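Here the structure comes first, spelled out in structure tokens, and everything after it is commentary.
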Amino acid sequence: MLLPDNGIGQTEEAMAHGTLTQLISRSAIQVAACCFALGAASAAWAGDVTAKMQPRIDTYKKQAVAWAADPQILKAVKESNASGPIAGMGNAKWRELKEDDPAVKSLVTNPAGQLLTKWMNADAKGINKIVLSGDKSQRVAFTSMPAIYIGKGKPNFDEAFAGKVWHQAESKPDPSTNIDTVQIAAPVKDGGAVIGVLLVSLTAANLK
Numbered sequence: 235m236l237l238p239d240n241g242i243g244q245t246e247e248a249m250a251h252g253t254l255t256q257l258i259s260r261s262a263i264q265v266a267a268c269c270f271a272l273g274a275a276s277a278a279w280a281g282d283v284t285a286k287m288q289p290r291i292d293t294y295k296k297q298a299v300a301w302a303a304d305p306q307i308l309k310a311v312k313e314s315n316a317s318g319p320i321a322g323m324g325n326a327k328w329r330e331l332k333e334d335d336p337a338v339k340s341l342v343t344n345p346a347g348q349l350l351t352k353w354m355n356a357d358a359k360g361i362n363k364i365v366l367s368g369d370k371s372q373r374v375a376f377t378s379m380p381a382i383y384i385g386k387g388k389p390n391f392d393e394a395f396a397g398k399v400w401h402q403a404e405s406k407p408d409p410s411t412n413i414d415t416v417q418i419a420a421p422v423k424d425g426g427a428v429i430g431v432l433l434v435s436l437t438a439a440n441l442k
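Quick note, in my numbering, the sequence shown goes up one by one and the last residue is 442.
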């Protein structure tokens with residue numbers, strides 16, 4: 235049976251269908267625009283390492299290699315590797331700790347931690363954090379509490395522990411300081427053997 239004509243060549247049913255189609259189309263466009271905006275915001279937050287930044291990063295990488303060979307750093311890593319990670323400490327438990335927890339404070343105030351802090355403070359504009367790790371990726375010393383205790387599985391540990399002087403391909407907010415950062419990492423070597431990793435977080439704004 236034919237439905238009554240609405241006077242302009244369309245049935246009420248067809249008009250309703252057309253209106254619904256328009257609403258769906260508009261919604262799809264709005265969702266796509268929202269996703270594009272979020273993607274653009276994310277891209278703006280993480281910036282590629284540019285050709286202008288690279289020479290400064292390379293200079294810091296050379297410095298990190300020299301620091302990783304410091305006798306006090308080697309001593310601290312060897313001692314930590316001999317004793318192993320803190321008993322029962324994993325990343326989940328680590329995240330429950332506060333910066334004033336004795337286990338955390340001891341890794342800032344030990345001799346290696348004090349040396350790392352001295353190095354960072356000498357270039358406070360360029361460096362926002364330094365972390366030293368042992369052969370199980372356990373933290374040996376640092377300037378401020380990192381987000382995790384065991385770093386294995388992250389490129390900033392794995393790449394350097396494989397013997398590479400590594401750097402991030404883009405700047406990102408550091409997970410513990412939230413400063414826009416380019417991380418670099420150098421292997422700590424005892425002779426030819428890699429026994430740990432020295433991570434240095436470079437403030438991205440200072441590299442531009």
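Ideal Cβ placement from N, Cα and C applies to all residues, glycine included. Nothing here was measured: the structure is a model prediction, and the numbers come from that model.
Delimiting residues of the alpha helix (DSSP H) encompassing residue i
i: ASP414; result: No alpha helix (DSSP H) contains ASP414, which is instead part of the beta strand (DSSP E) from 414-424.
With 16 other Cβ atoms within 10 Å as the buried cut-off, status of residue i
i: SER367; result: buried
i: THR293; result: exposed
i: GLY426; result: exposed
i: CYS269; result: Caution applies to CYS269, whose pLDDT of 40 falls short of 50 and renders its modelled position unreliable; the model cannot decide the point.
i: GLY430; result: buried
i: ALA358; result: exposed
i: SER317; result: exposed
i: LEU432; result: buried
beta-carbon residue i near the ligand ZN non-hydrogen atom, thresh 7 Å
i: GLN306; result: Summarising the ligand content, the structure contains no ligands, and the ligand ZN is consequently not present.
Expected contact under 8 Å - CB spacing of residue i and residue j to nearest Å
i: PRO409; j: ALA439; result: PRO409 to ALA439, Cβ: 18 Å. No contact.
i: LEU436; j: VAL416; result: 5 Å
i: ILE418; j: LYS295; result: 5 Å
i: THR411; j: ASN355; result: Contact flag wrong, Cβ pair sits at about 15 Å.
i: VAL338; j: LEU331; result: 6 Å
Proximity to residue i [Cα-Cα], best of the options
i: VAL283; options: LYS406, ASN362 and ALA419; result: LYS406
i: VAL365; options: LYS359, ALA375, ALA358 and SER371; result: ALA375
i: ALA302; options: GLY387, ASP392 and LEU350; result: LEU350
Boundaries of the beta strand (DSSP E) in which residue i is found, first to last residue
i: LEU366; result: 361-367
Is it a yes or a no for the stretch 304-317 touching the stretch 345-352, going by three-plus beta-carbon pairs under 8 Å? yes
Counting Cβ pairs closer than 8 Å, one from the stretch 320-330 and one from the stretch 383-397, do we hit at least three? yes
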